[in-house]
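Participant: For the sequence shown, my numbering assigns the number 2 to the initial residue and increments by one for each residue that follows. We put the beta carbon where it would ideally sit given N, CA and C, even for glycine.
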Amino acid sequence: MSLTKKINYFGGWLDVSQSVSGVVLALFLWTHLVLVASILFGAEAMTFVAKTMELSFLSADGHGYPWVVSVIAVVVGVITLVHVLAAVHKLPLNLQQQRALRQQMQVIAHSDTRLWVWQAATGVGILLLLPLHLWLIGSAPETIGPVGSADRIWNDGVWMIYLPLLLCVELHAAIGVYRVLIKWGSGTAVNRRHRIRKIKTIVSFVFVLVGLASLLAFLPHAT
Ligand code: HEM
């Protein structure tokens, strides 16, 4: 295989890895937010969800295995790392590349390029904030629940991490899935681009609302 072919082949694998890991993370994120939103239905509902995630139904004393949550945190961390490594070579890391991007955007003001810039910027935000969240959760999985989570968010001030993280992930995930659909989807997806874009915006908006409502719903449980 010639060097050019090898490079193209490698680039193709990077692209596929980025899309697959991105879609897996987006699905995880949306499922996870629905689970966190159980707090909107009260303390009992969230306790039930937290205990079920810890597989309490498998343990004789009903306490479950909080370490399962730590294992999930490590797996999510590894998938995130794969996603970052596959994506980082596309970022305009030096000033020259950033200038070239700005010039390009002035020449061709395409809305999808603007979306890409948002995706890159929110990606950097996630890169800074997500490790903190995974560490907080993964190192103390037994604290997850209405009182423990409320304590963390409101008494320990972790809302200052969750609020920007929520905005970053909900923009990033929906834009990412939209781009995957356009990139790998059939011609139909491209023809329905405007419709899919609207759905993307609604998805981001709804999940941000649910996330904000959940954060506020923890407040009365903070001791
Ligand atoms: C093992 C993996 C994860 C677990 C067990 C987990 C668990 C939780 C829990 C229990 C909360 C509620 C607050 C708390 O107790 O601190 C929370 C909030 C949050 N998590 Fe995660 N999380 C995980 C991974 C992630 C990932 C990968 C992302 C983003 C890509 C994420 C984004 C968020 C956001 C934005 C909030 C705030 C939610 C809101 O606004 O209501 N989490 N998470």
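#1: For Ser60, which of helix, strand or coil comes out of DSSP?
#2: What residue range does the alpha helix (DSSP H) around Ile138 cover?
#3: For Val148, collect the residues of the same chain with a Cβ closer than 6 Å to its Cβ; drop the 5 residues on either side in sequence, then sort them by chain order.
#4: Contact defined as beta carbons within less than 8 Å: I believe Leu137 pairs with Val159. What is the distance between those atoms, to the nearest angstrom?
#5: What's the call for Glu55, buried or exposed, on a 16-neighbour Cβ count within 10 Å?
#6: Quick one, which of Tyr66, Gln105, Val75 has its alpha-carbon nearest Leu133's?
#7: Once DSSP output is grouped into helix, strand and coil, what is the label at Ile310?
#8: Heavy atom of ligand 1 less than 7 Å from the Cβ of Ala61, yes or no?
#9: So, under 8 Å CB-CB, Val50 and Leu36 are touching, yes? Tell me the CB distance rounded to an integer number of Å.
#10: Return yes when the Cβ of Gln19 is within less than 8 Å of the Cβ of Ala122, no when it is not.
#11: Counting only the same chain and skipping the five closest in sequence on each side, list residues whose C-beta sits under 7 Å from that of Leu116.
#12: What separation, rounded to the nearest whole angstrom, lies between the Cα atoms of Gly139 and Arg153?
Facilitator: Looking at the atomic coordinates:
#1: Taking the sequence shown and counting its residues from 1, one reaches residue 60 at position 59. Ser60: coil per DSSP, three-state reduction.
#2: Counted from its first residue, the sequence shown places residue 138 at position 137. Under the DSSP assignment, Ile138 falls in the alpha helix (DSSP H) whose first and last residues are 112-140.
#3: Locating residue 148 in the sequence shown gives position 147, where the first residue counts as 1. These residues qualify, in order along the chain: His222.
#4: Position 136 of the sequence shown, counted from the start, is the residue given in the question as residue 137. Position 158 of the sequence shown, counted from the start, is the residue given in the question as residue 159. Between Val159 and Leu137 the Cβ distance is about 7 Å, and since that is below 8 Å, they are a contact.
#5: The count along the sequence shown starts at 1 and reaches residue 55 at position 54. Buried, because 16 or more other Cβ atoms sit within 10 Å of the Cβ of Glu55.
#6: The residue you call residue 133 lines up with position 132 of the sequence shown. Taking only the C-alpha atoms, the option nearest Leu133 is Val75.
#7: A query on residue 310 cannot be resolved here, the shown segment of the chain reaching from 2 to 224 and no further.
#8: As a working mapping, residue 61 is identified with position 60 in the sequence shown. False, no ligand heavy atom lies under 7 Å from that Cβ.
#9: To locate residue 50, count along the sequence shown from 1; it is residue 49. To locate residue 36, count along the sequence shown from 1; it is residue 35. In this structure Val50 touches Leu36 by the C-beta definition: roughly 5 Å separates them, less than 8 Å.
#10: To locate residue 122, count along the sequence shown from 1; it is residue 121. To locate residue 19, count along the sequence shown from 1; it is residue 18. Against a cut-off of 8 Å, the Cβ pair of Gln19 and Ala122 comes out as no contact.
#11: Residue numbering aside, residue 116 sits at position 115 when the sequence shown is read from its first letter. The residues are Ile176.
#12: Your numbering for residue 139 matches position 138 in the sequence shown. Your numbering for residue 153 matches position 152 in the sequence shown. Cα-Cα distance, rounded: 13 Å.
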